[in-house]
Amino acid sequence: MIRNWRPITVMSVGYKLLSRIITNRFRPIMHKVVGKEQFVGMLGRQMDDLKWLHQHDWDEGCCLFDIDQQE
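Counting in UniProt numbering, the sequence shown runs from 1 upward without gaps.
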């Protein structure tokens, strides 16, 4: 049994404050750093936009593959 287990909602106020400050500082430059393929966590981008991006790639011809990296 884990002795010091605490749910994620009980995180310290300092941690929450620090993460909020860092998020607000990075928000203005995120669109420059994150590529157009990234949709999660980006304001103004929706998953529906992703299907149009991939449809364009399929029209040009592309290859998708998935690698299982489990040992």
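Built from N, CA and C at the ideal position, the CB exists for glycine as well.
Item	Value
Helix, strand or coil: how does DSSP classify K43 here?	Per the sequence shown, residue 43 should be read as Leu rather than Lys. If DSSP states are grouped into helix, strand and coil, L43 belongs with coil.
By how many angstroms is the C-alpha of M30 removed from the C-alpha of I21?	14 angstroms
Can you tell me the Cβ-Cβ gap for M42 and V33, rounded? I've got them flagged as a contact below 8 angstroms.	Actually they are not in contact, since the Cβ atoms of M42 and V33 sit about 10 angstroms apart, beyond 8 angstroms.
Check K36 in the structure and name its three-state DSSP category.	coil
In the DSSP assignment, find the unbroken alpha helix (DSSP H) run with N24 in it and report its ends.	13–26
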